[in-house]
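Student:
Okay, here's the thing in structure tokens:
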């Protein structure tokens, strides 16, 4: 696998993660990044890694944040990801995991509840990488602030999520 293929795989992984979130949330692609992998002497190894990010633009209320994290964690576990760390912070929780292919994934909640899911590839064959397309943002729009602004009847509700019924 080369860096371009790793970037495409990271996009597929993000699509799968967000496809599992019901009801769905609005997202925006974040900036991509790539880096060269080095050895212990900081010399290039002819390999590199790629990171892809998606920002959740749907407001996830404090009361629904745990449910959101749970949906993502269950999806990762179902897909064979190994949960490597959990940050159990009330304001800025996070979950970190590794996919069976060695990709590192994270869901982090930051300032004003901004949730970000990122996928970073393992070191793969160095290659040119194209940036995935991103929609231009109108500087006067709520999206330009970079914070969640889309209201959802479910995710933005200020009551705890209903428990799934036992069938």
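In our numbering, the protein residues as written are 35 to 201. Just so you know, even glycine gets a beta-carbon here, dropped at the ideal spot from N, CA and C. Nothing here was measured: the structure is a model prediction, and the numbers come from that model.
#1: Would you tell me roughly how many angstroms separate the C-alpha atoms of residue 195 and residue 51, rounded to the nearest one?
#2: Just curious, the beta strand (DSSP E) that residue 82 is in, first and last residue?
#3: Quick one: residues in its chain with C-beta nearer than 6 Å to the C-beta of residue 54, no 5 flanking neighbours on either side, listed in chain order?
#4: Name the two residues that bound the continuous beta strand (DSSP E) containing residue 116.
#5: Since residue 49 is in the alpha helix (DSSP H), which residue starts that stretch and which ends it?
#6: Taking the straight line between their C-alpha atoms, what separation do you get for residue 65 and residue 128?
#7: Whole-angstrom Cβ separation of residue 47 and residue 137, contact assumed at under 8 Å?
#8: Take every Cβ of the segment 69-88, pair it with every Cβ of the segment 173-181, and state whether three or more of those distances are shorter than 8 Å.
#9: Going by C-alpha distance, which of 106, 122, 121 and 123 is nearest residue 115?
#10: Which term fits residue 98, buried or exposed, when burial requires 16 or more other beta carbons within 10 angstroms of its beta carbon?
#11: Can you tell me which of the three DSSP states residue 189 falls into?
#12: Measuring straight from C-alpha to C-alpha, what distance separates residue 179 and residue 94?
#13: Expressed to the nearest angstrom, what Euclidean distance is found between the alpha-carbon atoms of residue 143 and residue 56?
#14: Quick check on the DSSP output: the alpha helix (DSSP H) that includes residue 141 runs from which residue to which?
Tutor: On the basis of the coordinates in this document:
#1: Against the chain shown, residue 195 aligns to sequence position 161. Against the chain shown, residue 51 aligns to sequence position 17. Roughly 20 Å separates the two Cα atoms.
#2: Position 48 of the chain shown, counted from the start, is the residue given in the question as residue 82. Residues 78-90.
#3: Locating residue 54 in the chain shown gives position 20, where the first residue counts as 1. Taken in chain order, the residues that qualify are 109.
#4: On the chain shown, position 82 is the one that residue 116 refers to. Its beta strand (DSSP E) spans residues 116-121.
#5: Along the chain shown, read from residue 1 onward, the residue named residue 49 stands at position 15. Run containing residue 49: 37-53, per the alpha helix (DSSP H) assignment.
#6: Taking the first residue of the chain shown as 1, we reach residue 65 at position 31. Taking the first residue of the chain shown as 1, we reach residue 128 at position 94. Whole-angstrom Cα-Cα distance: 20 Å.
#7: Taking the first residue of the chain shown as position 1, residue 47 is located at position 13. Taking the first residue of the chain shown as position 1, residue 137 is located at position 103. The Cβ separation is near 6 Å, so the contact holds.
#8: no
#9: The residue given as residue 115 occupies position 81 in the chain shown. Cα-wise, what sits closest to residue 115 is 106.
#10: Along the chain shown, one-based indexing puts residue 98 at 64. Buried, by the Cβ-count rule.
#11: By 1-based counting over the chain shown, the position of residue 189 is 155. Coil.
#12: To locate residue 179, count along the chain shown from 1; it is residue 145. To locate residue 94, count along the chain shown from 1; it is residue 60. If I take the Cα positions, the gap works out to 16 Å.
#13: Position 109 of the chain shown, counted from the first residue, corresponds to residue 143. Position 22 of the chain shown, counted from the first residue, corresponds to residue 56. Rounded to the nearest angstrom, the two C-alpha atoms are 18 Å apart.
#14: Numbered from 1 along the chain shown, position 107 holds the residue referred to as residue 141. Careful: residue 141 lies outside any alpha helix (DSSP H), inside the beta strand (DSSP E) at 138-143.
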